[in-house]
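Structure first, then comments.
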Amino acid sequence: MRGKERIQAIFDKKLPDRVPTFEWDIYKGVMRNISDTDDACEFVLRNDIDGIAIWQDRRISRINDRSFIDEFKVVRAYSDEYPSALDYPINNISDLRAYKMPDADDETIYTTLLHAIDRLGKEKAVIGRVRDVFSLPRDLLGFENCLMDFIIEPELVSMIMEMSIEYSLKVAKNMKSMGITIIGCLDDIADAKGPFMGPELYRLQVLPHFKKFIKGCHALGLKVIKHSDGNLNPILDDLIDSGIDGLDPIDPMGMMDIKSIKQKYGDKIVLKGNIDCVWTLVSGTKEQVERDVIKCLEEGMPNGCFIISSSNSIHKSVNPENYAHMLYCIRKYGVYR
């Protein structure tokens, strides 16, 4: 089977020939070390990875060599891997009413996606990446202000979540018109201790917007993988009931146990994860990587509905030899017989 067919089979609740794999991000240095290329499409082809996930291209205005303003008017500074936010455009409802969202129909933001579809679309699954409802309030208000505003100015946060839904559904519609059938929404809503807010507050203020977003994606004919690091256990039933088609990454650092989640929800949604990228893929031996892959497959692959991957991404600190061995072990042990 081709990678595209494997991933489609998983979402159709059918068994492929083997467990598919893809990552949200693979650090260029890791790609170069393994395959002497930092072209993501070429790396996927050379290493028989089943899919690739593509974000929209950024539109930025440089301030200086280290900082820039992004398309959402957030001031950011370059860091080791991901730009960090320095200043935020919204302080109150008056600011929000004067705020203008970027253009989801700007063709330039889909350049990388269209290249991946052209290069890989016949053989591999090309997955679009979008926001859902939490990251835009976080980015426009700042993380701490956002969490406080859920209590002191909930109308402001609600308005931004609605703006996020409108924008992301436009992006999703455009992706669908390009041939995308699966999207990932990658707004983190938890850390290792638990959700960023209490479960009741999440159910009251965030979940209705999130369900609206998922419903909109399904109306477009898209499957949706929800990504969030951290301990999602307190709101896991809510996420499953929201209508998501997949959940990622079943974070082992967040006390997420793939075996028990598979037993409880494995016939309802696709699970994606969860090889430890905090320690095993960074500092572990090849033997430890192999043990983790075998354990993950034993717990996740029965009856399908499973995509194996890291527990977040293949980031800068991942040992390239360990990721290469992870891919080897997936092909060796992840076969449906």
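Mapping the sequence shown onto the working numbering, position 49 (from 1) lands on 158, and the numbers just tick up by one. Using N, Cα and C, we set each Cβ at its ideal position, and we do this for glycine too. The model shown is predicted, which means the values in this text are computed figures rather than measured ones.
{"Query": "Here's the rule I'm using: 16 or more other beta-carbon atoms within 10 Å means buried, otherwise exposed. How should serine 193 be labelled?", "Result": "exposed"}
{"Query": "Which of the three DSSP states is assigned to valine 242 in this structure?", "Result": "coil"}
{"Query": "Compute the Euclidean distance between the alpha carbons of leucine 341 and alanine 299, then round it to the nearest angstrom.", "Result": "7 Å"}
{"Query": "In terms of DSSP beta bridges, what is alanine 299 paired with?", "Result": "Pro304"}
{"Query": "If you count every other CB in all the chains shown that lies within 10 Å of the CB of leucine 278, and 16 or more means buried, which is it?", "Result": "buried"}
{"Query": "Tell me which same chain residues have a C-beta within less than 8 Å of the C-beta of threonine 389, skipping the five on either side of it?", "Result": "Gln397, Val398, Asp401, Asn431"}
{"Query": "Apart from the five residues on each side of it in sequence, which residues of its chain come closer than 6 Å, Cβ to Cβ, to aspartate 134?", "Result": "Ser422"}
{"Query": "Along the chain, which unbroken stretches of the beta strand (DSSP E) at least 3 residues long are found entirely within the stretch 354 to 382?", "Result": "355 to 357"}
{"Query": "Kindly indicate the opening and closing residues of the beta strand (DSSP E) around aspartate 196.", "Result": "193 to 196"}
{"Query": "Might you give, ordered along the chain, the residues of its own chain that have their beta carbon closer than 7 Å to the beta carbon of methionine 349, omitting 5 neighbours on each side?", "Result": "One point to set straight first is that residue 349 is isoleucine, not methionine, in the sequence displayed. Tyr374, Lys377, Ile378, listed in sequence order."}
{"Query": "Rounded to whole angstroms, what is the Cα-Cα separation between glycine 330 and methionine 364?", "Result": "33 Å"}
{"Query": "Kindly confirm or deny that the stretch 177 to 190 and the stretch 256 to 266 touch, where touching means at least three C-beta pairs closer than 8 Å.", "Result": "no"}
{"Query": "From the DSSP output, which residues share a beta bridge with threonine 130?", "Result": "Ile417"}
{"Query": "Buried or exposed for alanine 207, going by 16 or more other Cβ atoms inside 10 Å?", "Result": "exposed"}
{"Query": "So which of Ser351, Tyr442, Ile323, Tyr219 has the shortest CA-CA distance to methionine 287?", "Result": "Tyr219"}
{"Query": "Relative to the alpha-carbon of cysteine 294, which residue among Asp338, Leu265, Asp346 has its alpha-carbon at the smallest distance?", "Result": "Asp338"}
{"Query": "In terms of residue numbering, what span does the alpha helix (DSSP H) encompassing glycine 325 cover?", "Result": "316 to 328"}
{"Query": "Tell me the residue span of the alpha helix (DSSP H) that contains cysteine 438.", "Result": "429 to 442"}
{"Query": "Applying the 10 Å Cβ sphere with the 16-neighbour rule, what's the burial state of glutamine 372?", "Result": "exposed"}
{"Query": "Less than 6 Å between C-beta atoms, sequence neighbours within five positions excluded: which residues of the same chain meet that for leucine 222?", "Result": "Ile163"}
{"Query": "Please state whether the Cβ-Cβ distance between arginine 111 and proline 129 is less than 7 Å.", "Result": "no"}
{"Query": "Per DSSP, alanine 234 is paired with what?", "Result": "Gly160"}
{"Query": "Hey, how far is the Cα of asparagine 254 from the Cα of arginine 171?", "Result": "25 Å"}
{"Query": "Excluding the 5 residues flanking lysine 122 on each side, which residues of the same chain have their C-beta closer than 7 Å to its C-beta?", "Result": "Gly413, Cys414"}
{"Query": "Which full runs of the alpha helix (DSSP H) of 4+ residues lie inside the stretch 200 to 288, going along the chain?", "Result": "202 to 207, 220 to 229, 244 to 250, 252 to 261, 263 to 286"}
{"Query": "Skipping 5 residues on each side, what residues in its chain have a beta carbon closer than 7 Å to that of alanine 433?", "Result": "Ile143"}
{"Query": "With DSSP as the reference, please indicate the residues paired to arginine 171 in a beta bridge.", "Result": "Phe177"}
{"Query": "What do you reckon, are the CB atoms on isoleucine 417 and tyrosine 442 nearer than 7 Å?", "Result": "no"}
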